[in-house]
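Participant:
In the working numbering, the protein residues as written are -19 to 775.
Right under this line is the structure:
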């Protein structure tokens, strides 16, 4: 929001300097981004009148003028501006004047003609936001000889504030003035707005077909308007200093309403509108040529203003070319309305637009402003352009107008949150000055929120307002006191930080990615999983809720690789969002852990070059996490996933239920994403590693362990994990370790068979085992394998 100080001081004029005023605005939470002077540094420029203006005898584009600057004689000045003419009041730099850039004015001859000064344009005085190439045209009643800086009040500054989206009430001079008045305990001097009586009858039928999107719409016809009149200098200057160019009186007045009151308005050429005026949603295949010349192909969720034949405007966003006011317009229809923020949110992005009107309507405009703005604009139009005024026609549906919340504020809650006692009298005063209707109770306050504050909904909002106006710098910097009961975690609970510590110890880095992802990338990774699509996304690349953390992690890998990071080991803990009709809000939110590794296994050092990571590197890290649970029911089962390499992927199973996956990213997907190397990924439900088996102490055997190796031949489709599990089952307590150390297929084996070499560790806690006892354990294992898998010892 950009405004000038002098305009603000017309509404509220605290006895503080510009710097102090800006500090106050910042401390109110309206961060001041910049403070710039309205004009450059200059001197010696006065109001003057062109008494004579004749063509230069030796130059087609120059004129020789006689100028009255209030001195004893007229000055002869040569001017090249096309708009220079007799009788014009101008800004004249006289001899000795210094213009911005240390440009000194002195007598000189231009093409043989004496020039004793310079007729100035806005840009020559260092005044920005002006596109005209001509000299300044001052009002006819401008007093000759007066310093132009004093006359135009150029000792002014433009202040730009950065507003958070919740403070739409401050997107106007009125809103900023309210805030400044509150902190200085002053009254706002708003302009007196009186109803303009109708001088003719010209009713307009208004048909609101979408009352939830537009519950209040006003329109008024003004006939015989002179749209070719010139906007007065005060109006042009107010707009210019806020960064808006003067176009014509009608547009200037609607822009003034937007800046002054915060109410966007629009004017239609009445001859081009065929009543009734309709406020409705766009129909399929409708189009509209906008004021900027672009053609919008309307979507059916877009609110429009239309007549019985055509769409006239994108409601609250931009008008249409066909119904705009132009130089031939005689009669206008003036519009003011309240459009619900949700009805406009995201619509500008759909059409690649952003306007001052939509910026305000999306955030919330005071629903009581439309009538005031209509009367204010009508008054100015009659003053500047003339015309005959018809009655205001109105359509309203109070059911859909925003309700003013009633909030209960407890004294105990206020003291608890702020941590500092503020007197009841002062709390009440602050709330009243903020525009709330306050009722005091024994233990707190009941406050009704004013119509312009869309951001006040709950008790904490009022507490924030009280602290803001009271002054954060007045609240003592004391240590926080909280009545907390510390509770230790149950011994079986496995905290997420323990999982993270294991990963960090293995050289991983934690990342936090957006829950919103690119739907195209997500569809590539999870083609069979439906995703939630956001109706109003931040961007099209962030329009889907993630169904897996894998999408964000792979984008993080690509981001780092593009910045010359080749060895990447990252993990994330977060939620994934799965559409599920049986879940609350039809969304199942699941906490998961996920990780990705790619690049070299170790950083290259003097011992030699490191090798690239593979499936078993990540599997080993994952097994360290699973080992924390001591849950022997967690297993890996070979399974194919769309995003993973068909020969290097597995499901993580718990009691025959899939709880995660691990594998190498499918090469074709890596290529499409532009990822270098071979990423290995896993994702695991956090609930699986949320508990652990409580450790049970066991006696360490004092007797020797006996290692024996066996090689068995089985069908190649039998998973090794089932064989190892069978070995443990057969060997019982005396078989303390089973390890697969070789797999062989090839010569000397029947096709379809494979050989597994297994190491068995046999040990007893009470005695040294004899060879016969060891052989008996081995035989139990062999019998179990033969029975379950038809396994035989390899020759």
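The beta carbon of each residue, even a glycine, is placed where N, CA and C say it ideally should be.
Computed from a prediction, not measured in an experiment: that's the story for all the values here.
#1: If you run the structure through DSSP and keep just helix, strand and coil, what is residue 350?
#2: Taking residue 344 as the reference, give the member of 465, 562 and 431 with the closest Cα.
#3: Answer yes or no: do residue 269 and residue 276 have a C-beta to C-beta separation smaller than 9 Å?
#4: Pick helix, strand or coil for residue 532, following the three-state DSSP scheme.
#5: From 176, 307 and 760, pick the residue whose C-alpha is nearest to that of residue 777; which is it?
#6: Fully enclosed by the segment -19 to 19, which alpha helix (DSSP H) runs are 4 residues long or longer?
#7: Rounded to a whole number of angstroms, what is the C-alpha to C-alpha distance between residue 714 and residue 706?
#8: Tell me which residues share the same chain as residue 625 and place their Cβ nearer than 8 Å to its Cβ, disregarding the 5 neighbours each side in the sequence.
#9: List the whole-angstrom C-beta distance separating residue 250 from residue 297, where the pair is believed to meet the contact cut-off of C-beta under 8 Å.
#10: Which term fits residue 420, buried or exposed, when burial requires 16 or more other beta carbons within 10 angstroms of its beta carbon?
#11: Taking only three categories from DSSP, how would you classify residue 718?
#12: What would DSSP say about residue 214, mapped onto helix, strand or coil?
#13: With burial defined as no fewer than 16 other Cβ atoms inside 10 Å of the residue's Cβ, what is the status of residue 746: buried or exposed?
#14: Could you pull the start and end residues of the beta strand (DSSP E) that residue 249 belongs to?
#15: Helix, strand or coil: how does DSSP classify residue 568 here?
#16: Cα separation between residue 435 and residue 27?
#17: For the structure I just gave you, are there three or more beta carbon pairs, one from the segment 176 to 190 and one from the segment 245 to 260, closer than 8 Å?
#18: Out of -12, 15 and 93, which one is the CA nearest neighbour of residue 39?
#19: Can you give, in chain order, each stretch of the beta strand (DSSP E) that sits fully within the segment 121 to 191 and has at least 3 residues?
#20: Which runs of the beta strand (DSSP E) fall wholly inside the segment 551 to 622 and span at least 3 residues, in chain order?
#21: Per DSSP, what kind of secondary structure is residue 686 in: helix, strand or coil?
#22: Could you check what DSSP says for residue 393 in three-state terms: helix, strand or coil?
#23: Would you kindly report the start and end of the unbroken alpha helix (DSSP H) that includes residue 707?
#24: Are there 16 or more other CB atoms within 10 angstroms of the CB of residue 422, so buried, or fewer, so exposed?
#25: Looking only at C-alpha atoms, which of -15, 58 and 176 sits nearest to residue 1?
#26: Please state whether DSSP places residue 697 in a helix, a strand or coil.
#27: Given residue 486, which residues of its chain have a CB within under 8 Å of its CB, disregarding the five upstream and five downstream residues?
#28: Is it a yes or a no for the segment 464 to 481 touching the segment 604 to 617, going by three-plus beta-carbon pairs under 8 Å?
#29: Using 8 Å as the Cβ pair cut-off and three pairs as the minimum, do the segment 620 to 640 and the segment 549 to 567 touch?
#30: Which value, in whole angstroms, describes the spacing of the CA atoms of residue 347 and residue 244?
#31: DSSP on residue 494, reduced to helix/strand/coil?
#32: Helix, strand or coil: how does DSSP classify residue 641 here?
#33: Do you know how far the Cα of residue 382 is from the Cα of residue 192?
#34: Out of 460, 766, 622 and 668, point me to the one whose CA is closest to residue 638's CA.
#35: Can you pull the DSSP bridge partners for residue 93?
#36: Give the single residue among 515, 531 and 509 whose Cα lies nearest to the Cα of residue 501.
Facilitator: Quick look at the numbers:
#1: Counting from one through the chain shown, the residue named residue 350 turns up at place 370. In the three-state scheme derived from DSSP, where H, G and I count as helix and E and B as strand, residue 350 is classed as helix.
#2: The count along the chain shown starts at 1 and reaches residue 344 at position 364. For residue 344, the nearest C-alpha among the options comes from 431.
#3: Against the chain shown, residue 269 aligns to sequence position 289. Against the chain shown, residue 276 aligns to sequence position 296. Cβ atoms of residue 269 and residue 276: closer than 9 Å.
#4: Within the chain shown, numbered from 1, the residue matching residue 532 stands at position 552. Three-state result, residue 532: helix.
#5: This structure gives no information on residue 777, because the portion of the chain shown stretches from -19 to 775.
#6: Qualifying alpha helix (DSSP H) stretches, in chain order: -15 to -9 and -2 to 7.
#7: Reading the chain shown from its first residue, position 734 is the one you call residue 714. Reading the chain shown from its first residue, position 726 is the one you call residue 706. In a straight line, the C-alpha of residue 714 is about 14 Å away from that of residue 706.
#8: For the purposes of this step, residue 625 is taken as residue 645 along the chain shown, with counting starting at 1. Only residues of its own chain outside the window of five on either side were considered, and among them 643, 644, 645, 646 and 647 have a CB closer than 8 Å to the CB of residue 625, listed in chain order.
#9: Start at 1 with the first residue of the chain shown, and residue 250 comes out as number 270. Start at 1 with the first residue of the chain shown, and residue 297 comes out as number 317. Contact flag wrong, Cβ pair sits at about 21 Å.
#10: In the chain shown, residue 420 corresponds to position 440, counting from 1. With fewer than 16 other Cβ atoms within 10 Å, it is exposed.
#11: The residue given as residue 718 occupies position 738 in the chain shown. In this structure, residue 718 counts as strand in the three-state DSSP scheme.
#12: As a first step, residue 214 must be located in the chain shown, where it is residue number 234. In this structure, residue 214 counts as helix in the three-state DSSP scheme.
#13: Position 766 of the chain shown holds residue 746. Exposed.
#14: Position 269 of the chain shown, counted from the start, is the residue given in the question as residue 249. Under the DSSP assignment, residue 249 falls in the beta strand (DSSP E) whose first and last residues are 245 to 249.
#15: On the chain shown, position 588 is the one that residue 568 refers to. Three-state DSSP puts residue 568 in a strand.
#16: Residue numbering aside, residue 435 sits at position 455 when the chain shown is read from its first letter. Residue numbering aside, residue 27 sits at position 47 when the chain shown is read from its first letter. C-alpha separation (whole angstroms): 48 Å.
#17: Yes: at least three Cβ pairs fall under 8 Å.
#18: Here residue 39 refers to the residue found at position 59 when the chain shown is read from its first residue. With distances taken between Cα atoms, residue 39 lies closest to 93.
#19: With a minimum length of 3 residues, the continuous beta strand (DSSP E) runs that stay inside the segment 121 to 191 are 137 to 142 and 186 to 188.
#20: Fully enclosed beta strand (DSSP E) runs of no fewer than 3 residues occupy 567 to 578 and 614 to 618 of the segment 551 to 622, in order along the chain.
#21: Here residue 686 refers to the residue found at position 706 of the chain shown. Here residue 686 sits in strand by DSSP.
#22: Translated into the one-based positions of the chain shown, residue 393 becomes position 413. Residue 393 falls in the helix class under three-state DSSP.
#23: If you number the chain shown from 1, residue 707 lands on position 727. That run of the alpha helix (DSSP H) goes 700 to 711.
#24: As a first step, residue 422 is located in the chain shown; it is residue number 442 there, counting from the start. It is exposed - the Cβ of residue 422 has fewer than 16 other Cβ atoms within 10 Å.
#25: Along the chain shown, read from residue 1 onward, the residue named residue 1 stands at position 21. The option with the nearest alpha carbon to residue 1 is -15.
#26: As a position in the chain shown, residue 697 is number 717, starting the count at 1. Three-state result, residue 697: coil.
#27: The sequence position of residue 486 within the chain shown is 506, counting from 1. Closer than 8 Å at the Cβ level, and outside the excluded window around residue 486, lie 549, 601 and 604.
#28: Yes, the segment 464 to 481 touches the segment 604 to 617.
#29: Pairwise C-beta distances place the segment 620 to 640 out of contact with the segment 549 to 567, as fewer than three of them are shorter than 8 Å.
#30: For the purposes of this step, residue 347 is taken as the residue at position 367 of the chain shown. For the purposes of this step, residue 244 is taken as the residue at position 264 of the chain shown. CA-to-CA, the gap between residue 347 and residue 244 works out to about 12 Å.
#31: By 1-based counting over the chain shown, the position of residue 494 is 514. Look at residue 494 here: in three-state DSSP terms it is coil, with no helix or strand label.
#32: Taking the first residue of the chain shown as position 1, residue 641 is located at position 661. Three-state result, residue 641: strand.
#33: Position 212 of the chain shown, counted from the start, is the residue given in the question as residue 192. Position 402 of the chain shown, counted from the start, is the residue given in the question as residue 382. Taking the straight line from one Cα to the other gives about 10 Å.
#34: Stepping through the chain shown from its first residue, residue 638 is reached at position 658. The shortest C-alpha to C-alpha distance from residue 638 to any of 460, 766, 622 and 668 is the one to 668.
#35: One-based indexing of the chain shown puts residue 93 at position 113. Residue pairing from DSSP places residue 93 in a beta bridge opposite 90.
#36: Start at 1 with the first residue of the chain shown, and residue 501 comes out as number 521. Just measuring C-alpha positions, the residue of 515, 531 and 509 sitting nearest residue 501 is 531.
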